Amino acid sequence: MTLRVGVVILPAACWSEAAAAWRTADELGFAHAWTYDHLAWRDLLDHRWYAAVPTLAAAAVTTRRIGLGTLVTSPNFRHPVPLVKEALTLNDLSGGRFTLGIGSGAGGPDATVLGRPEPGPAERAERFSEFTELTDRLLREPRVDFTGRHFHARAARTDPANGPGRALPLAVAAGGPAGMRVAARHGDIWVSNGSSPQPGLIAPSVTPDLAARQVRRLEEICGEVGRPPGSLRRLVLDSNRTNPPLASVDAFVEAAGRYQEAGFTDLVVPFPRQEPPYAGDLTVLERIASDVLPGLQEGPRDAPPPAQRRAP
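When we follow my numbering, the leftmost residue of the sequence shown carries the number 567, and every step to the right adds one.
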């Protein structure tokens, strides 16, 4: 099994500095590059933090071949109608290289900044199910009407050129059974970043053993909903602060091998920064690109990843 490797680049530097990171990821041959979509992020609440969509627009016209995406955006402050319009625009700017990554949204600043009470687990799960269903339909249909408890759309026109299948790939983050069912029904890619005792407040962590258990549960759920498990890509974001995957080339090789064994098709690691969080040595990433990636990733390094389109 091949393993596509990508990086997540924090939108925490002005573009005159950040552009170099996106170009480097592209030139080194990584399969995809992502950014977080928050209004304010846990570790950098009182520091510079830019918006994901314009950052990705700049990345789309700065890079040449690398896949781009959100990892992830959520209904904490997003509505599917404008979000899908922005995603389709990013896909056009990038020449078909964009993946829309979505998740249920954790607690913390993003959940309360608009003045609404923070939802409990049951409401968050229901809201996410609606959010994903509407997003999926908007990516497939030229005009959508939708009435839910949390989201509504009336004659929403997003992409009149939509044909059979979906306009761009949809990645769905989920750590538990309810979210995995949403991913199995609607996603092209399932995303895991492990677990956190207080999502949004304490950084999540993942281990290959935990990830392997999640894969087994996902496969069971795919069977329950009638989805062939092999039709769903599996992406793991390893942003561990202890035992980081970019501590050394050997650390990365060990982690990548174990995620492959667990059944993952994609691995994302943080692009190294000069200061925490995700402080690291860029030369390690460069050595991984030159010495390890060719044996993991399939296809020519200058070819963009294919768009994933599924019939409804």
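Yeah, the Cβ is synthetic: ideal placement off N, Cα and C, and Gly gets one too. All values derive from a computational prediction rather than experimental measurement.
* To do: Since I believe Phe717 is in contact with His645 (beta carbons under 8 Å), could you give me their beta-carbon distance rounded to a whole number of angstroms?
  => As a working note, residue 645 is residue 79 in the sequence shown. As a working note, residue 717 is residue 151 in the sequence shown. Right, the Cβ-Cβ distance comes to about 7 Å (below 8 Å), so this counts as a contact.
* Asked: Can Val757 and Ala737 be called in contact, C-beta distance under 8 Å?
  -> As a first step, residue 757 is located in the sequence shown; it is residue number 191 there, counting from the start. As a first step, residue 737 is located in the sequence shown; it is residue number 171 there, counting from the start. It is a contact, given that the beta carbons lie within the stated cut-off.
* To do: Would you mind sorting Asn806 into buried or exposed? The rule is 16 or more other CB atoms within 10 Å of its CB.
  => What you label residue 806 is simply residue 240 of the sequence shown in a count that begins at 1. So Asn806 ends up on the buried side.
* Since Ser758 sits in a beta bridge, which residues does DSSP pair it with? -> Position 192 of the sequence shown, counted from the start, is the residue given in the question as residue 758. DSSP output for Ser758 lists Val802 as bridge partner(s).
* What's the call for Asn809, buried or exposed, on a 16-neighbour Cβ count within 10 Å? -> The count along the sequence shown starts at 1 and reaches residue 809 at position 243. That one is exposed.
* Pair within 8 Å by beta-carbon distance, Val815 and Arg839 -> Here residue 815 is taken as the residue at index 249 of the sequence shown, counted from 1. Here residue 839 is taken as the residue at index 273 of the sequence shown, counted from 1. Contact flag unset, no.
* **C-beta atoms of Val571 and Leu859 nearer than 8 Å** => Taking the sequence shown and counting its residues from 1, one reaches residue 571 at position 5. Taking the sequence shown and counting its residues from 1, one reaches residue 859 at position 293. Contact flag set, yes.
* **Of the residues Gly714, Ala744, Gly635, Thr590, the one placed nearest Pro735, counting alpha carbons only** => On the sequence shown, residue 735 is found 169 positions in, with the first residue counted as 1. The shortest C-alpha separation from Pro735 is found at Gly635.
* Since Pro708 and Arg723 are thought to touch, with beta carbons under 8 Å apart, how far apart are those beta carbons, to the nearest angstrom? -> Reading the sequence shown from its first residue, position 142 is the one you call residue 708. Reading the sequence shown from its first residue, position 157 is the one you call residue 723. 7 Å between Cβ atoms; contact.
* Report yes if the C-beta distance between Leu803 and Leu637 is below 8 Å; otherwise report no. => For the purposes of this step, residue 803 is identified with residue 237 of the sequence shown, where counting begins at 1. For the purposes of this step, residue 637 is identified with residue 71 of the sequence shown, where counting begins at 1. Closer than 8 Å, so yes.
* Should the region 677-687 be regarded as contacting the region 607-615, the criterion being three or more beta carbon pairs within less than 8 Å? -> no
* Any idea what DSSP makes of Trp581, helix, strand or coil? -> Counting from 1 along the sequence shown, the entry for residue 581 is found at position 15. In this structure, Trp581 counts as helix in the three-state DSSP scheme.
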